[in-house]
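Counting from 1, one number per residue, gives the positions in the sequence shown under UniProt numbering.
Glycine included, C-beta positions come from ideal geometry on N, C-alpha and C.
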Amino acid sequence: MKRDSGIGKQVRKVLAVVALPIVLIVTWWFSSAGSQNFFFPPLEQIVTAFQPTWFTGAIETEVLPSVWRLLGGYLVAGVIGIGLGALLGSSPVLRAFTEPALEFLRAIPPTVMIPILILFLGIGAEMRVVVIAIGALWPILLNTIEGVRAIDEVLRDTARVYRLTPMMRFSTLILRGASPQIVTGARQGLSVAIILMVISEMFAAQDGIGFTIIRFQKSYAMPEMWSGILLLGVLGIVLSLIFKLFESISLKWYFGLRQSQRGGN
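1) Is it the case that the CB of Val192 approaches a heavy atom of the ligand SAM more closely than 7 Å?
2) Using the C-alpha atoms, what's the distance from Ile82 back to Val76?
3) Once DSSP output is grouped into helix, strand and coil, what is the label at Leu164?
4) Check each candidate in Ile209, Pro180, Ile214 and name the one with the smallest Cα separation from Tyr254.
5) When DSSP labels each residue in this structure, what does Ser250 get in the three-state scheme?
6) Buried or exposed for Ile249, going by 16 or more other Cβ atoms inside 10 Å?
7) Return the CA-CA distance between Met1 and Leu15, expressed in angstroms with no decimal places.
8) Measuring only the C-alpha atoms, how far is residue 281 from Ser227?
9) If I measure Cβ to Cβ from Gly208 and keep anything under 7 Å in the same chain, skipping five residues before and after, which residues do I get?
10) Which of helix, strand or coil does DSSP assign to Thr98?
11) Taking three-plus beta-carbon pairs below 8 Å as touching, is the segment 47-58 in contact with the segment 234-253?
12) Taking the alpha-carbon positions, what's the Ile116 to Ile199 distance?
13) Using 8 Å as the threshold, is the segment 138-148 in touch with the segment 209-219, meaning 3 or more CB pairs across them?
14) Along the chain, which unbroken stretches of the alpha helix (DSSP H) at least 4 residues long are found entirely within the segment 90-154?
15) Less than 7 Å between C-beta atoms, sequence neighbours within five positions excluded: which residues of the same chain meet that for Leu121?
16) The alpha helix (DSSP H) that contains Leu43, what's its start and end?
17) Quick one: residues in its chain with C-beta nearer than 7 Å to the C-beta of Lys9, no 5 flanking neighbours on either side, listed in chain order?
18) Taking 8 Å as the limit between beta carbons, can you name the residues of its chain near Leu173, skipping five residues before and five after?
19) Tell me the residue span of the alpha helix (DSSP H) that contains Glu201.
20) Is the separation between the beta-carbon of Ala33 and that of Pro42 shorter than 8 Å?
21) Would Ala193 and Gly135 qualify as a contact pair, given that the criterion is a beta-carbon distance under 8 Å?
22) Please state whether DSSP places Gly34 in a helix, a strand or coil.
23) In this structure, how does DSSP classify Tyr74 when only helix, strand and coil are distinguished?
24) Tell me whether Val17 is buried or exposed, calling it buried when 16 or more other Cβ atoms sit within 10 Å of its Cβ.
25) Does DSSP put Lys2 in a helix, a strand or coil?
26) Under 8 Å, do Ala133 and Gly73 count as touching if we go by C-beta distance?
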């Protein structure tokens, strides 16, 4: 009976996740059927155009370059954000000294930097990676700072008593103690990175998903343009699922601790 109830619980979870997307897709399919609006073609036409548009060479020439730039910028933002955030979160003096500059830089939208970066880096992949990194940096950096600040002082004193080396203190105390908020910032940064990937390719690019969508829009290929938007949605879902897997592995200890606390209460 327990096994059956466990299976039933998993089935309900899956249904809760997929129910709304299925309802939306079915509603879109039937409400757009027979549409004569040139700019909003039927979903059937969009789905029909999806395979020949994106699976006849475009994966290698358009999709993969976008994904690699996205991952490159996101990785740079993660390394800088976690490293700098750990440093600022651990030092009240350094944090107070840099806070005005950080607040000023955070207020500048990353998209505003694109024309400036084009002047220095051109329209190549480097410019787009830098734009993605700048935008994804702030959620990771700020959440890391707050996560490090929130670490229990007793744990800090214990680390000092045991004379842990800076590297051991970073890996066992700071990184582990702040990891829930670091992961939260990383999730937010991933969403920002996807948005900036598309925007940077729409501004100035020679390849990529955003560039291809704009090319279809300018040539009035509406089903192909909408298929690109669907592709971005699918890409976002896949990356979100991968991140959830990473989150469940990296924060397994944290979820277990919360579960035990609930059980104790």
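With the structure as the only source:
1) As for the ligand SAM, it is missing from this structure, which has no ligand bound.
2) If you take the alpha carbons of Val76 and Ile82, they lie about 10 Å apart.
3) In this structure, DSSP gives Leu164 a state outside helix and strand, which the three-state scheme calls coil.
4) Of the residues Ile209, Pro180, Ile214, the one whose Cα lies closest to the Cα of Tyr254 is Pro180.
5) Collapsing the DSSP output to three states places Ser250 in a helix.
6) Under this definition Ile249 is an exposed residue.
7) Residue placement at Met1 is poorly supported in this model, since its pLDDT is 45, which falls under 50; the coordinates still yield a value, given next. Roughly 21 Å separates the two Cα atoms.
8) Nothing can be reported for residue 281: it is not among the residues displayed for the chain, which extend from 1 to 265.
9) Once the five neighbours on either side are set aside, the close Cβ partners of Gly208 are Glu62, Pro65, Ser66, Glu201.
10) Look at Thr98 here: in three-state DSSP terms it is helix.
11) In this structure the segment 47-58 does not touch the segment 234-253; the number of beta carbon pairs closer than 8 Å is below three.
12) Cα to Cα, the separation comes out at about 15 Å.
13) With contact defined as three or more Cβ pairs closer than 8 Å, the segment 138-148 and the segment 209-219 are not in contact.
14) Taking 4 residues as the shortest admissible run, the segment 90-154 contains the following complete alpha helix (DSSP H) segments, listed from N- to C-terminal end: 92-106, 113-121, 125-149.
15) The answer, listed in chain order, is Met127, Val130.
16) For Leu43, the enclosing alpha helix (DSSP H) stretches over residues 43-54.
17) Cβ within range, chain order: n/a, list empty.
18) Correct list, in chain order: Ile151, Leu155, Arg156, Ala159, Leu164.
19) 179-203 is the span of the alpha helix (DSSP H), which, as asked, contains Glu201.
20) Yes, they are a contact pair.
21) Contact: yes.
22) Gly34 falls in the coil class under three-state DSSP.
23) The answer is helix: DSSP assigns Tyr74 an H, G or I state.
24) Taking a 10 Å sphere around the C-beta of Val17, we find fewer than 16 other C-beta atoms and assign the residue as exposed.
25) Residue confidence for Lys2 is low, a pLDDT of 48 falling below 50, so the modelled location carries little weight; the figure read from the coordinates is stated next. Lys2 sits in a helix when the DSSP states are folded into three classes.
26) Going by C-beta atoms, Ala133 is nearer than 8 Å to Gly73.
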